[in-house]
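See below for the structure under consideration.
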């Protein structure tokens, strides 16, 4: 299970995020980047945050700890921006928090060639699996912290679920957007990465990860079946082909 924390102090909005995440202090004295349920993409962005973040952790990638975060909107009464006040009011209750990495530096796309090719392949493989459209040179959604490359901001992944809960029928669809991935030109074989990583997230692990998501957020989407079918599709070979 994910830990549940309670936001006790609203520190500041993080305006570089399109969904206006917030930095909050919690009752465990930690700082968290709060992803808000009331933001534009609604709870399905939080579903993607949890599923993709925990998949990344399961295959050995560095992802900040994810927590469920209880929000009382009264903590933002001192915030002068009415847009933010409305957003917090719409997000009362459970949200998702990511452990704040103090001093982390944004990933520089100009340094992408310095990333270990096997690590790059693992990240590309994960993003191809979950149809993550948001790891491009323009917006890598990677941080460098304590000598490691950390994956953040997965709300745009699993993008098909925003159109319909009937995502399983689309699991084998090509994902041409992987050609824009910031690390693809520097990655080792994506297919070889898949041979190494797929056994780590067989169906029992998928069920465990999806089970971390609050039922009310999932709607009618069968994420376990979707990901199982996606794993059986040729997405890794398509990613290798995308750079040729």
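In our numbering, the protein residues as written are 151 to 394.
Beta carbons: idealized from backbone N, C-alpha and C, even for Gly.
With 16 other CB atoms within 10 Å as the buried threshold, where does residue i fall?
i	result
residue 366	exposed
residue 241	buried
residue 312	exposed
residue 369	exposed
residue 272	buried
residue 199	buried
residue 296	exposed
residue 232	exposed
residue 384	exposed
residue 205	buried
residue 223	buried
residue 350	exposed
residue 392	buried
residue 193	buried
residue 255	exposed
residue 187	buried
Are the CB atoms of residue j and residue i within a distance shorter than 8 Å?
i	j	result
residue 251	residue 293	yes
residue 341	residue 382	no
residue 245	residue 185	yes
residue 171	residue 302	no
residue 290	residue 324	no
residue 217	residue 153	yes
residue 334	residue 274	yes
residue 176	residue 209	no
residue 328	residue 371	no
residue 308	residue 225	no
residue 157	residue 174	yes
Taking residue i as part of the beta strand (DSSP E), name the residues at either end of that continuous run.
i	result
residue 172	172-176
residue 163	154-163
residue 183	181-185
Secondary structure at residue i, three-state DSSP: helix, strand or coil?
i	result
residue 205	helix
residue 256	strand
residue 229	coil
residue 298	strand
residue 249	strand
residue 285	coil
residue 220	strand
residue 360	helix
residue 137	Not covered by the structure: residue 137. The range shown for the chain is 151 to 394.
residue 244	strand
residue 262	helix
residue 348	helix
residue 293	strand
residue 212	strand
residue 234	helix
Ordered along the chain, which non-local residues of its own chain (more than five positions away) have a Cβ less than 6 Å from that of residue i?
i	result
residue 234	163
residue 306	283, 284
residue 247	182, 184, 217, 219
residue 239	223
residue 356	374, 377
residue 180	none
Would you give the residue range spanned by the alpha helix (DSSP H) that residue i belongs to?
i	result
residue 373	373-381
residue 272	267-279
residue 329	Premise fails: residue 329 is in no alpha helix (DSSP H) and is neither H nor E.
residue 385	385-391
If I measure Cβ to Cβ from residue i and keep anything under 7 Å in the same chain, skipping five residues before and after, which residues do I get?
i	result
residue 263	336
residue 380	279, 321
residue 203	213, 216, 304
residue 364	244
Would you say residue i lies against chain C (beta-carbon separation less than 8 Å)?
i	result
residue 314	As a matter of chain content, chain C is missing from the structure shown, which is built from one protein chain.
With a threshold of 8 Å on Cβ separation, who are the neighbours of residue i within its own chain once the five nearest residues in sequence on each side are excluded?
i	result
residue 338	267, 268, 270, 271
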